[in-house]
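Here is the structure we will look at.
There are 2 protein chains.
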Amino acid sequence: MRLLYIEDNEKLALNTSASLRKAGFVVDVVATAGDALHAAKSFDYDVFILDLGLPDRDGLDLLPQIKQSNPQTPVIICTARDALEDRIKGLNTGSDDYLIKPFAVTELIARINAVLRRPGGALGVTLTFGNVTFETTDRTLTIGGVASAFSKRELALLEIFLRRSERVITKDAIENALYSFDEAATPNAIEVLTHRVRKKLADQGATIEIHNLRGIGYVLHDCKKDGET
Amino acid sequence: MRLLYIEDNEKLALNTSASLRKAGFVVDVVATAGDALHAAKSFDYDVFILDLGLPDRDGLDLLPQIKQSNPQTPVIICTARDALEDRIKGLNTGSDDYLIKPFAVTELIARINAVLRRPGGALGVTLTFGNVTFETTDRTLTIGGVASAFSKRELALLEIFLRRSERVITKDAIENALYSFDEAATPNAIEVLTHRVRKKLADQGATIEIHNLRGIGYVLHDCKKDGET
DNA sequence: TTCGACTTGTAAGTGTCTTGTAAGTCTCGC
DNA sequence: GCGAGACTTACAAGACACTTACAAGTCGAA
Numbered sequence: 033m034r035l036l037y038i039e040d041n042e043k044l045a046l047n048t049s050a051s052l053r054k055a056g057f058v059v060d061v062v063a064t065a066g067d068a069l070h071a072a073k074s075f076d077y078d079v080f081i082l083d084l085g086l087p088d089r090d091g092l093d094l095l096p097q098i099k100q101s102n103p104q105t106p107v108i109i110c111t112a113r114d115a116l117e118d119r120i121k122g123l124n125t126g127s128d129d130y131l132i133k134p135f136a137v138t139e140l141i142a143r144i145n146a147v148l149r150r151p152g153g154a155l156g157v158t159l160t161f162g163n164v165t166f167e168t169t170d171r172t173l174t175i176g177g178v179a180s181a182f183s184k185r186e187l188a189l190l191e192i193f194l195r196r197s198e199r200v201i202t203k204d205a206i207e208n209a210l211y212s213f214d215e216a217a218t219p220n221a222i223e224v225l226t227h228r229v230r231k232k233l234a235d236q237g238a239t240i241e242i243h244n245l246r247g248i249g250y251v252l253h254d255c256k257k258d259g260e261t
Numbered sequence: 033m034r035l036l037y038i039e040d041n042e043k044l045a046l047n048t049s050a051s052l053r054k055a056g057f058v059v060d061v062v063a064t065a066g067d068a069l070h071a072a073k074s075f076d077y078d079v080f081i082l083d084l085g086l087p088d089r090d091g092l093d094l095l096p097q098i099k100q101s102n103p104q105t106p107v108i109i110c111t112a113r114d115a116l117e118d119r120i121k122g123l124n125t126g127s128d129d130y131l132i133k134p135f136a137v138t139e140l141i142a143r144i145n146a147v148l149r150r151p152g153g154a155l156g157v158t159l160t161f162g163n164v165t166f167e168t169t170d171r172t173l174t175i176g177g178v179a180s181a182f183s184k185r186e187l188a189l190l191e192i193f194l195r196r197s198e199r200v201i202t203k204d205a206i207e208n209a210l211y212s213f214d215e216a217a218t219p220n221a222i223e224v225l226t227h228r229v230r231k232k233l234a235d236q237g238a239t240i241e242i243h244n245l246r247g248i249g250y251v252l253h254d255c256k257k258d259g260e261t
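Just so you know, the protein sequences line up as chains A and B, in that order.
All residue numbers for the first sequence refer to the numbering used here, where the first residue is 33 and numbers rise by one.
All residue numbers for the second sequence refer to the numbering used here, where the first residue is 33 and numbers rise by one.
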C-alpha cells in the first residue's frame, strides 16, 4: 500500500509519515501542489492524503486535478477546525473522507483502512493462488491451509505477486510498490527479498513459484496447475 | 469496553467519565456533534452515550447519523426531565435506552451493562478458548477450572484476545481498545502488559499462548489443540 | 486518614528478527 | 567463452520485542 502524503508542515509530515510507515504503508511526502501532481502522475498510489493549507496553491484547487488523473484512488483531506466550508466543498469536489486537524495518527490510519475497505478498494479482499491464500484485511497468510509467518516486506512482495498472478511484473514496478522515494534500495535488495520469499514458499510446500524473466521481471506461477515440477 | 460520551457540560462530563473509567470502561468524551461523528468513524465503540442538548446541532439530529455508520452499536440518550417528547422520538430514531437527567452514575452504568447484555451485545457471553474461560457478565476468569485473579487491564487485554482468538490483532487495535485518546501510553505499555498476561497464563497452566507477529501484532493460540509444546 | 499492598505505566538494558549491503557464484544468451 | 543479469550467502545496523526494576497512583482496611 503506497500513499502520497501532501503536507507542507515539515515537522507534522515527518512525524505522521513515520507512524504510517510503522503501520506498514509505503509513504511519499511532498510539500507543494506541483510536486504532488508530479508524483501522482509518476507512481501508482493507493490513497492520497491532502492537507488543504499548501503554500503554492489552494489545496481544493489541486483535488480535482488529482482526481482527474487518478479517478479511482481515494483522497483523504486534512483541514483545520475552522474551515468547515472547505470540508463541505471538499466532499463535493471528490474527496472520499476528511479529517480535522489536529488529528491522532491512529485516526488517520483508521480512515485510510476505511476508504480502502470500500467496494472496489484494495482491502477486504482475499487473494488466492494455488494453495496460498492472503487475507488483506488482517494481512494473514496461509499455505496449504496452515498459517504462515512472513515478515512485513516479504508479505508486501508476495502481495504484489498475488494481486497480479500470472502477469509479468517488472523490477521497476516492484521497486515502486515496495520503496518510497526516500528509501530507494540497491537493485539487489529486491533479488535478496525474492530469494527469501521463494525459500519460504518452497519450504512450506506452496504450489506457487516466482519465475524470473531475464531482463524483464518476474511472474507468479502455479506449478501444480500445469503439472510442472 | 470503549464508550463515546457525547456531552457538552464540561463539569458533568468530567465527573461522569471519571466514574465510568473507575468502573472499568475506556471513555472518550466529546462536546460537539461534529467531534462525535468524527470519533464514531475513527474508533470502534461498544456504546454511545448521547446528551441531547448539544451546542452545534440537535442531538436527535445526530442520532440517525451515528446509527447509520454504526448500526450495531447501542446508543443511550440522556435528556432533561421536561423533554419527554424527545425521549419518545429518540427511541423511534434508534436509541436503545434513555436516562433522565439528573441521573446517578450507578444508574448509567447499570443501563450500559443492560444494553450490552442484550442479544448480540458484548456482555452476557462466555468466552472460552483452550482451558481458559471468561465470563463477560461478572468478568470472572477461570483457567483449567480454577478461578484466577487478573487485574483490570490484564483482564481487558485478555478479553480482546479471547474475543478474537486465532485472529491477528494489531498493536494499534489493542491500543485503541485499551486506551482512550486522552491517555495514550507508550508502545511499551502494551508490551509490558502482554508480558504480565503471558506470565500469569503460563504460571497457572493455561493451554493458550499469545504469539507475536513481528511488526504486525499478536495472535492467541491454543497450544494443546495442535500438539505443540 | 494513614499505611501497605497492588496495579500500571515508564525507562533502560538485553536479546532476537528483519532487512539492506556487499561480494562472490551461477546461468543464460549472445 | 564472455558479460550482464540473477542467485546465494554472510554480515551488520537497526528495528522491534522482551524483561526487569522502579516509581507513581489507586484502593481498601485499620
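Even glycine gets a Cβ: it sits at the ideal position worked out from N, Cα and C.
Contact set between residue i and chain B, taken where Cβ atoms lie within less than 7 Å
i, result
"residue 172/A", "200"
"residue 141/A", "204"
"residue 112/A", "Here the premise fails: no neighbours, minimum Cβ distance about 13 Å."
"residue 181/A", "245"
Status (buried if at least 16 other CB within 10 Å, exposed otherwise) for residue i
i, result
"residue 50/B", "exposed"
"residue 46/B", "exposed"
"residue 253/A", "buried"
"residue 261/B", "Note that residue 261/B scores 39 on pLDDT, short of 50, meaning its location in the model is unreliable and no value can be drawn from it."
"residue 248/A", "exposed"
"residue 178/B", "exposed"
"residue 171/A", "buried"
"residue 203/B", "buried"
"residue 72/A", "buried"
"residue 68/A", "buried"
"residue 208/B", "buried"
"residue 233/B", "buried"
"residue 93/A", "exposed"
"residue 164/B", "buried"
"residue 43/B", "exposed"
"residue 101/A", "exposed"
"residue 259/B", "Low local confidence applies: a pLDDT of 47 at residue 259/B is under 50, so the model's placement there is unreliable, with the coordinate-based value given in what follows. The residue in question, residue 259/B, is exposed, as its Cβ has fewer than 16 Cβ neighbours within 10 Å."
"residue 78/B", "buried"
"residue 223/B", "exposed"
"residue 212/B", "buried"
"residue 162/A", "buried"
"residue 201/A", "buried"
"residue 184/B", "exposed"
Beta-carbon neighbours of residue i, restricted to chain B and to distances below 9 Å
i, result
"residue 55/A", "202 and 204"
"residue 184/A", "246, 247 and 248"
Interface residues of chain A facing residue i [CB-CB closer than 7 Å]
i, result
"residue 213/B", "136"
"residue 220/B", "Going along chain A, no residue has its Cβ under 7 Å from residue 220/B, so there is no contact; the nearest lies around 14 Å."
Beta-carbon neighbours of residue i, restricted to chain A and to distances below 8 Å
i, result
"residue 161/B", "By Cβ distance, chain A contributes nothing, its closest Cβ being about 16 Å from residue 161/B, past 8 Å."
"residue 207/B", "138"
"residue 227/B", "Correct list: empty, because the minimum Cβ distance to chain A is about 20 Å."
Where residue i meets chain A, residues with beta-carbon distance less than 9 Å
i, result
"residue 75/B", "138, 139 and 142"
Practice item. Would you list, in chain order, the members of the region 234-249 of chain B that have their beta-carbon closer than 8 Å to a beta-carbon of chain A? Key: 245, 246, 247 and 248
Exercise for review: Count the C-beta pairs between the region 222-231 of chain A and the region 179-189 of chain A that are closer than 8 Å, then say yes if the count reaches three, no if not.
Suggested key: Touching, per the Cβ criterion.
Exercise for review: Would you list, in chain order, the members of the region 127-138 of chain A that have their beta-carbon closer than 7 Å to a beta-carbon of chain B?
Suggested key: Residues of the region 127-138 of chain A with a Cβ closer than 7 Å to any Cβ of chain B, in chain order: 132, 136 and 138.
Check your understanding: Using 8 Å as the Cβ pair cut-off and three pairs as the minimum, do the region 134-148 of chain A and the region 105-114 of chain A touch?
Key -> With a cut-off of 8 Å, the region 105-114 of chain A and the region 134-148 of chain A count as touching, because enough Cβ pairs lie within range.
Review point. Counting pairs of Cβ atoms below 8 Å between the region 55-62 of chain B and the region 236-249 of chain A, do you hit three or more?
Key: no
Practice item. May I ask you to list, following chain order, the residues of the region 40-55 of chain B that have a beta carbon less than 9 Å from some beta carbon of chain A? Key: So nothing in the stretch comes that close.
**Study point:** Three-pair Cβ contact test at 8 Å for the region 59-75 of chain A versus the region 125-137 of chain A
**Key:** Not touching, per the Cβ criterion.
Practice item. For the region 157-212 of chain B, list the alpha helix (DSSP H) runs that are entirely contained and at least 4 residues long, ordered along the chain. Key: 184-195 and 203-210
Point to revise | Inside the region 205-251 of chain B only - alpha helix (DSSP H) runs reaching at least 4 residues | key: 219-235
Practice item. Give, in chain order, every unbroken run of the alpha helix (DSSP H) that is at least 4 residues long and sits entirely within the region 48-97 of chain B. Key: 65-74
Check your understanding: Going along the chain, which unbroken runs of the beta strand (DSSP E) with 3 or more residues stay wholly within the region 126-159 of chain A?
Key -> 129-133
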